[in-house]
Amino acid sequence: MAVSNITPASGATLNYAESFSFEVTDPYTSLLVRVTVSGGALEAAYDDGVAAGYTVTIEDLGATHKVTVKRDAGWSIDPMTVYVTENDTTTTNWTYDIFPTQEYPEGMQPYNDVATGAAGYGVNSFEGRTGNVVSALNDYDASEVNNDSSVTGATVKDALETLDAYSAPVDSVHGRTGAVVAATSDYDASQIDNDSGVAGATVKDALDALDARDEGQVDLKNKVSSPTIATQEDWNRYHGSVARVNGGGTITDDGDGTVTVSAGYGLIRATDSNTAVFYKVDWAETPITPTDGQLNFIYLEWNAGTPQMVVTTTKRTDLNTNIYMGSVHRSGTFLHPTTHVTPTGNVSAKLTKRFNDTEGLTRAAGSVTTEVGTRNVAITQGTWWHGLDEQTIAAVDTSVADTITTFYRDGVGGWTATGGVTQIPNDFYDDGSGTLQALSANRYGVYWLYVGVDNHTYMIYGRGDYTSSQWPDAIPPGDIPPHMQEQHSGIVARIVVQKGDTVFTDLVVPWDTAFTSSGVQEHHDLGGLTDDDHTQYVLGAGTRAQDALYLAERADHVNTPGAGFGELWLFNDVEQELRFTDDQGDDYKVATFSGSSPASNYVPVGFDNHGAGRLESSLLKYNAGELYLGDATGSLRMNERTTGPTPVAGDGYFWVRDGTDQNPMFTNDASEDIGLDLWELGSWNFNASTIGTPGVAEFDTNNAAITLTTTIRVTTTGNNEGQSRAWLEDLNNGYLLMKKRDNPYEEVQFKVTAGADVAGAWADLTVAWQDDSTADVNWATADQWT
Numbered sequence: 001m002a003v004s005n006i007t008p009a010s011g012a013t014l015n016y017a018e019s020f021s022f023e024v025t026d027p028y029t030s031l032l033v034r035v036t037v038s039g040g041a042l043e044a045a046y047d048d049g050v051a052a053g054y055t056v057t058i059e060d061l062g063a064t065h066k067v068t069v070k071r072d073a074g075w076s077i078d079p080m081t082v083y084v085t086e087n088d089t090t091t092t093n094w095t096y097d098i099f100p101t102q103e104y105p106e107g108m109q110p111y112n113d114v115a116t117g118a119a120g121y122g123v124n125s126f127e128g129r130t131g132n133v134v135s136a137l138n139d140y141d142a143s144e145v146n147n148d149s150s151v152t153g154a155t156v157k158d159a160l161e162t163l164d165a166y167s168a169p170v171d172s173v174h175g176r177t178g179a180v181v182a183a184t185s186d187y188d189a190s191q192i193d194n195d196s197g198v199a200g201a202t203v204k205d206a207l208d209a210l211d212a213r214d215e216g217q218v219d220l221k222n223k224v225s226s227p228t229i230a231t232q233e234d235w236n237r238y239h240g241s242v243a244r245v246n247g248g249g250t251i252t253d254d255g256d257g258t259v260t261v262s263a264g265y266g267l268i269r270a271t272d273s274n275t276a277v278f279y280k281v282d283w284a285e286t287p288i289t290p291t292d293g294q295l296n297f298i299y300l301e302w303n304a305g306t307p308q309m310v311v312t313t314t315k316r317t318d319l320n321t322n323i324y325m326g327s328v329h330r331s332g333t334f335l336h337p338t339t340h341v342t343p344t345g346n347v348s349a350k351l352t353k354r355f356n357d358t359e360g361l362t363r364a365a366g367s368v369t370t371e372v373g374t375r376n377v378a379i380t381q382g383t384w385w386h387g388l389d390e391q392t393i394a395a396v397d398t399s400v401a402d403t404i405t406t407f408y409r410d411g412v413g414g415w416t417a418t419g420g421v422t423q424i425p426n427d428f429y430d431d432g433s434g435t436l437q438a439l440s441a442n443r444y445g446v447y448w449l450y451v452g453v454d455n456h457t458y459m460i461y462g463r464g465d466y467t468s469s470q471w472p473d474a475i476p477p478g479d480i481p482p483h484m485q486e487q488h489s490g491i492v493a494r495i496v497v498q499k500g501d502t503v504f505t506d507l508v509v510p511w512d513t514a515f516t517s518s519g520v521q522e523h524h525d526l527g528g529l530t531d532d533d534h535t536q537y538v539l540g541a542g543t544r545a546q547d548a549l550y551l552a553e554r555a556d557h558v559n560t561p562g563a564g565f566g567e568l569w570l571f572n573d574v575e576q577e578l579r580f581t582d583d584q585g586d587d588y589k590v591a592t593f594s595g596s597s598p599a600s601n602y603v604p605v606g607f608d609n610h611g612a613g614r615l616e617s618s619l620l621k622y623n624a625g626e627l628y629l630g631d632a633t634g635s636l637r638m639n640e641r642t643t644g645p646t647p648v649a650g651d652g653y654f655w656v657r658d659g660t661d662q663n664p665m666f667t668n669d670a671s672e673d674i675g676l677d678l679w680e681l682g683s684w685n686f687n688a689s690t691i692g693t694p695g696v697a698e699f700d701t702n703n704a705a706i707t708l709t710t711t712i713r714v715t716t717t718g719n720n721e722g723q724s725r726a727w728l729e730d731l732n733n734g735y736l737l738m739k740k741r742d743n744p745y746e747e748v749q750f751k752v753t754a755g756a757d758v759a760g761a762w763a764d765l766t767v768a769w770q771d772d773s774t775a776d777v778n779w780a781t782a783d784q785w786t
């Protein structure tokens with residue numbers, strides 16, 4: 001509030017009998033106007049009400065009030081100062097020169113008769129009083145006052161004596177004597193003058209007009225021409241509603257299958273018309289018996305002018321001749337009543353409360369949030385509704401001068417606030433402990449932005465260390481600081497920032513996006529997966545031992561596993577065999593082998609009657625019965641033995657001889673032990689002492705040819721020819737073929753054509769060689785070998 005338009009202006013001359021005025025802005029809660037009087041004291045002219053001895057008027061000019069002040073006895077001191085105090089806090093003052101009045105020291109002022117203008121001397125005192133004397137009771141006797149009462153006599157005393165002579169006691173009033181007081185019917189309405197402002201000359205006329213008002217037929221002011229809504233009754237009909245008016249009409253379960261509707265009163269119409277006149281109606285407390293097994297509806301119906309409470313199982317559509325009380329469903333003595341309320345009084349307050357409780361501060365337009373600078377925000381000016389009050393919230397830009405107040409929970413039921421913040425965080429979240437927690441690497445923080453009706457901006461820390469698939473489901477916190485409650489603030493944005501980033505990952509506004517959770521879509525997005533607090537489950541890392549693995553038996557495998565997978569299950573036979581199904585759908589028994597001929601579909605887990613079975617690579621059944629060590633990088637290990645195994649017809653055996661070198665051996669079904677030590681540095685080496693009978697490295701005579709890419713060597717430890725022999729035996733007339741070194745297309749081959757004793761003399765042999773012309777050339781004598 002402020003003072004303006006002071007008239008006359010401060011410092012001007014004010015006649016002692018004149019008034020001054022000023023204007024104050026509206027609204028104001030209190031106003032005090034004081035002036036200086038004789039002796040310099042302050043005297044109140046207006047203190048939230050007019051003081052005695054002053055005339056004060058207040059005129060409503062709309063935005064301001066004009067206050068006019070006059071002192072009935074005139075202003076008494078020159079100069080005079082005016083003090084105006086607004087709302088008990090702000091005081092404005094100004095000064096006037098008062099003329100004519102005391103312009104000289106007390107007792108020395110010239111006297112100016114206002115009526116005649118004649119100059120005179122000042123008065124020292126009046127009735128013993130000095131200073132600015134005003135009239136007082138008993139200043140004059142009646143005989144000292146002139147008589148202008150038109151009663152005979154020259155003075156007031158004469159007039160009073162004349163009046164005494166006129167006075168005489170009343171014998172009776174309407175036949176009553178003594179101390180008579182007014183009683184009903186002392187006067188007819190026609191005997192009383194009408195000053196009620198209602199048309200007519202007498203009180204009767206006024207009462208007749210008031211009767212019309214009671215029926216609502218009083219004309220409304222501020223009409224244009226002859227409108228449809230012209231009277232108070234018209235206004236009521238078009239704007240009112242059929243309803244119960246007070247708290248009556250409550251439906252109460254009686255506990256015995258009946259209900260009681262409490263007494264009350266309301267408004268009802270006689271016809272089903274939204275503009276029909278209203279009738280005021282009262283009803284008494286009424287018991288009702290609803291229909292069992294049905295939803296019942298209770299009404300007060302017009303009933304041709306005799307309103308009554310009724311119950312139906314059909315909901316009525318005529319809401320003019322029926323006041324709807326509510327509904328009740330009955331199941332025996334188990335009732336479900338619902339009282340229906342249509343308020344007719346204090347509707348604005350109830351609507352405001354309803355919107356505040358259910359909608360809070362609601363955005364109508366603007367308040368659009370965008371990212372500016374480095375994690376700063378800009379928010380446009382917005383229009384919001386607070387109940388039924390429309391408000392404007394100012395624009396914000398934290399990259400310039402505006403700031404944000406942030407909040408997180410303090411761990412003991414309160415909040416920690418930080419003011420002066422200009423950037424949205426990128427490093428912490430609120431876990432409720434009272435200390436902000438650092439975001440994990442590559443995780444996201446969610447931050448909630450609000451604006452307040454006081455033009456403050458707020459931010460609440462999100463409550464999760466979110467993954468990329470979790471933050472889209474983040475919803476606003478259900479609890480907010482008290483600073484922001486009671487419809488003080490409204491949410492304007494959800495902001496997402498990845499740990500350490502300088503830009504927002506996401507910014508959405510609530511009027512474009514509904515903040516609802518769709519649930520976790522991926523199991524790995526759940527929290528606490530590494531907490532290991534469910535000890536009844538097996539860990540994939542194998543770090544928790546289990547007492548047993550329980551499987552339910554079944555007749556067959558459930559699935560055919562996909563490529564690279566298998567299924568372990570329990571077969572429902574007598575022994576509940578453990579079985580394995582591979583990715584081809586083949587079933588294998590997981591069992592211990594016993595005997596020499598196990599079933600073909602066994603997966604071995606042990607070998608009866610053997611010390612151990614150690615496999616360094618894959619052991620598979622391959623090519624219809626062959627043993628295949630595929631992709632082996634290790635070795636086939638066998639213990640040494642002195643003699644070969646006892647053969648079975650059709651089988652052969654590999655084994656290791658317990659000699660110095662643990663030579664590999666093969667025994668055929670004829671019990672022939674054949675040494676296999678043939679390879680050394682790319683050549684064949686035979687040691688006669690380690691080769692068993694017949695003491696030769698034999699080649700199957702069924703082979704058509706043997707190609708050697710290395711050297712055939714015969715080594716000896718002495719000069720005995722028998723120790724350095726090498727031969728090709730029983731080749732069935734085969735050839736030892738050699739190619740010409742300088743021409744691979746020319747060949748020579750050797751063959752044995754006669755002779756039976758290979759151990760005999762050279763003369764017993766007929767050896768021939770054949771050149772590329774296929775002509776045989778015989779060597780007749782042994783000398784030709786040298």
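In this text, residue positions in the sequence shown follow our numbering: the first is 1, and each later residue adds one.
Each residue gets a CB set at the ideal place from its N, CA and C atoms; glycine is no exception.
Every value quoted in this text rests on a predicted model; they were computed, and no experiment measured them.
>> Whole angstroms are fine: how far does the CA of Q584 sit from the CA of G566?
In response: 9 Å
>> On the CB-based measure, 16 or more other CB atoms within 10 Å of its CB, does Y104 come out buried or exposed?
In response: With a pLDDT of 49 at Y104, under the threshold of 50, the predicted position of this residue should be treated as unreliable, and no value is reported.
> Applying the criterion that 16 or more other CB atoms from any shown protein chain within 10 Å of the CB defines a buried residue, is H386 buried or exposed?
Replying inline: buried
> How far does the alpha helix (DSSP H) with K70 in it reach, from first residue to last?
Replying inline: From DSSP, K70 is part of no alpha helix (DSSP H) but of the beta strand (DSSP E) over 64 to 71.
> CB-CB under 7 Å to P287, same chain, minus the five flanking residues each way: which ones, in chain order?
Replying inline: T258, T260
>> Can you tell me whether N702 is buried or exposed? The criterion is at least 16 other CB atoms within 10 Å of its CB, across all chains shown.
In response: Low per-residue confidence applies at N702: pLDDT is 42, beneath 50, and the placement is therefore not dependable, though the value from the model is reported in the following sentence. Exposed: under 16 other Cβ atoms inside 10 Å.
>> Within a Cβ cutoff of 6 Å, which residues of the same chain sit near L361, ignoring the five residues on either side of it in sequence?
In response: Excluding positions up to five away in sequence, the list reads W384, H386, Q487, G490.
> Is E23 near K66, with beta carbons less than 9 Å apart?
Replying inline: yes
> Using the rule of at least 16 other Cβ atoms within 10 Å of the residue's Cβ for burial, across every protein chain shown, is A159 buried or exposed?
Replying inline: By the neighbour-count rule (16 or more Cβ atoms within 10 Å), A159 is buried.
> Between which two residues does the beta strand (DSSP E) harbouring H336 extend?
Replying inline: 334 to 339
> With respect to the alpha helix (DSSP H) encompassing L351, which residues constitute its N-terminal and C-terminal limits?
Replying inline: For L351, the enclosing alpha helix (DSSP H) stretches over residues 347 to 358.
> Between the C-alpha atoms of V114 and A189, what's the straight-line distance to the nearest angstrom?
Replying inline: The predicted model places V114 with a pLDDT of 45, which falls under 50 and marks its position as unreliable, so this point remains unresolved.
> Where A45 and A136 are concerned, what is the direct C-alpha to C-alpha distance, given to the nearest angstrom?
Replying inline: 20 Å
> Do the segment 82 to 91 and the segment 31 to 50 touch if we need at least three Cβ pairs shorter than 8 Å?
Replying inline: yes
> Which value, in whole angstroms, describes the spacing of the CA atoms of I793 and A41?
Replying inline: Missing from the structure shown is residue 793; the chain here goes from 1 to 786 and no further.
>> Distance check for T36 and P343, CA to CA, integer angstroms please.
In response: 56 Å
> Quick one: is R554 buried, meaning 16 or more other Cβ sit within 10 Å of its Cβ, or exposed?
Replying inline: exposed
> When the Cα atoms are used, what is the spatial distance from N685 to G675?
Replying inline: Confidence at N685 is low in this model, with a pLDDT of 44, below 50, so the placement of that residue is unreliable and no value is reported for it.
>> Spatial neighbours of S38 within its chain, please: C-beta separation below 6 Å, excluding the five flanking residues on both sides.
In response: Counting only Cβ-Cβ distances below 6 Å, and skipping sequence neighbours, we find S76, I77, G131, N132.
> Taking the alpha-carbon positions, what's the E359 to V492 distance?
Replying inline: 15 Å
> So what's P664 in DSSP terms, helix, strand or just coil?
Replying inline: strand
>> Helix, strand or coil for S327? Go by DSSP, reduced to three states.
In response: It is a strand residue.
> What separation, rounded to the nearest whole angstrom, lies between the Cα atoms of T457 and T64?
Replying inline: Straight-line Cα distance between these residues: approximately 34 Å.
>> Please state whether the Cβ-Cβ distance between G62 and Y16 is less than 9 Å.
In response: no
> T162 by DSSP, collapsed to three states: which one?
Replying inline: helix
> Can you round the beta-carbon distance between I424 and V497 to whole angstroms, since I take them to be within the 8 Å contact cut?
Replying inline: 6 Å
>> Please tell me whether V281 and I323 are closer than 9 Å, where the distance is taken between their beta carbons.
In response: Yes, the Cβ-Cβ distance between V281 and I323 is below 9 Å.
>> Please tell me whether G240 and L267 are closer than 9 Å, where the distance is taken between their beta carbons.
In response: yes
> Name the DSSP beta bridge partners of M80, please?
Replying inline: Y96
> Do you know whose CA, among T642, V372, D410, G345, lies nearest R463's CA?
Replying inline: D410
>> Going by DSSP in three states, A2 sits in which element: helix, strand or coil?
In response: coil
>> Tell me the rounded alpha-carbon separation between N356 and V347.
In response: 14 Å
>> Does M789 pass the burial test, meaning 16 or more other C-beta atoms within 10 Å, or should it be called exposed?
In response: Shown here, the chain extends from 1 to 786; a query on residue 789 therefore has no answer.
> If you drop the 5 nearest sequence neighbours on each side, which residues of the same chain put their C-beta closer than 7 Å to that of G419?
Replying inline: T403, T405
> Can you tell which of P79, M484, E127, Y279 has its C-alpha closest to the C-alpha of P797?
Replying inline: Because the chain spans 1 through 786 in this model, residue 797 falls outside it and cannot be assessed.
> Thinking just about the alpha-carbon of each residue, which of Q662, A182, G562, F654 is nearest to the one in E672?
Replying inline: F654
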